[in-house]
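For the sequence shown, our numbering begins at 294 and goes up steadily by one.
Virtual Cβ for every residue (Gly too), placed ideally from N, Cα, C.
The structure presented is a predicted model; accordingly, all values stated were derived computationally and were not measured.
This report refers to the structure that appears directly beneath it.
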Amino acid sequence: MNYILNEIRIYVGTYKKYNEGNLFGKWFTLSNYDDIEAFYDDCKRLHQDEEDPELMFQDWECPPIFDGFIGECHLEETIFEITSLLEAKSDDDMEIIQNYMYLTGIPLNEQTIEKAQERYIGYFSSETELAEYYVEETGLLQNIPDEVAMYFDYKAYARDLDFMEHNNHYFYNY
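Right, here's the structure in full:
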């Protein structure tokens, strides 16, 4: 069962009823459905008293990572597929993806999930700490005598690195 879908709930009414002053609707939890078609079928079944109900999502609750997936009359068709991909991710992975989305402004999709993890460098308390990690990982100073390497200015080097940072999560900027 997809636990992320347990957190996504939508209150569904219709425009006709709303315009007539009737707020009749129902809260639907997406984990009760296998796909978007089953969700829409259940919504239409609830409003079967209308010939062709124009569904209105009057309210919704969802994790912040899904902002933009639900609108007044729209549910992103890929929401079930995306939640399945995220289901296997740890809380740390989810935090990485959210920070990457914040930095890039790219909406949540399969490519965003892949790119966030591909470009992730790590969590560092400062740019200097990132530079120290980067120098160690790349072996930049391995052929330099220790007596000279100790004068290396990590802080200055960090300013020249091409990266993005949000909440101390660092990503390659390519």
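Query: Tell me the DSSP bridge mates of Thr-307?; Result: Leu-348
Query: Got a sec, what are the start and stop residues for the beta strand (DSSP E) Phe-456 sits in?; Result: 456-459
Query: With DSSP run on the structure shown, which of helix, strand or coil describes Asp-447?; Result: One detail in the question is off: residue 447 reads as Tyr in this sequence, not Asp. Looking at Tyr-447 - three-state DSSP - the assignment turns out to be helix.
Query: At what residue ranges does the segment 320-344 contain a whole run of the alpha helix (DSSP H), taking only runs of 4 or more?; Result: 329-339
Query: Lys-309 and Glu-343 look like a contact to me (Cβ under 8 angstroms); what is the Cβ gap, rounded to whole Å?; Result: 6 angstroms
Query: Between Tyr-463 and Leu-433, is the Cβ-Cβ spacing less than 8 angstroms?; Result: no
Query: Throw me the rounded Cβ distance for the Phe-321 and Cys-336 pair, which I believe falls under 8 angstroms.; Result: 7 angstroms
Query: Please work out which residues of its chain come closer than 7 angstroms, Cβ to Cβ, to Asn-460, disregarding the five sequence neighbours upstream and downstream, and give them in chain order.; Result: Asn-392
Query: If we ignore side chains and look at the alpha-carbon of each, how far apart do Phe-445 and Ala-381 end up?; Result: 41 angstroms
Query: What number of angstroms, rounded off, separates the C-alpha of Phe-417 from the C-alpha of Phe-362?; Result: 31 angstroms
Query: When DSSP builds the beta bridges, which residues end up paired with Glu-354?; Result: Arg-302
Query: Distance, Cα to Cα, Asp-328 vs Trp-353?; Result: 18 angstroms
Query: What is the rounded straight-line gap between the Cα of Ile-389 and the Cα of Glu-313?; Result: 45 angstroms
Query: For Ala-451, is the classification buried or exposed, using 16 other Cβ atoms within 10 angstroms of its Cβ as the cut-off for buried?; Result: buried
Query: Would Thr-453 and Asn-466 qualify as a contact pair, given that the criterion is a beta-carbon distance under 8 angstroms?; Result: Here residue 453 turns out to be Asp, not Thr, going by the sequence shown. Cβ atoms of Asp-453 and Asn-466: not closer than 8 angstroms.
Query: Could you round the C-beta distance between Leu-339 and Leu-323 to whole angstroms and report it? I think they count as a contact, below 8 angstroms.; Result: No, Leu-339 and Leu-323 are not in contact; Cβ-Cβ is about 15 angstroms, not under 8 angstroms.
Query: Starting from Tyr-416, trace the beta strand (DSSP E) in both directions and tell me its first and last residue.; Result: 413-416
Query: Determine the contact status of Met-394 and Thr-376, defining contact as a CB-CB distance below 8 angstroms.; Result: no
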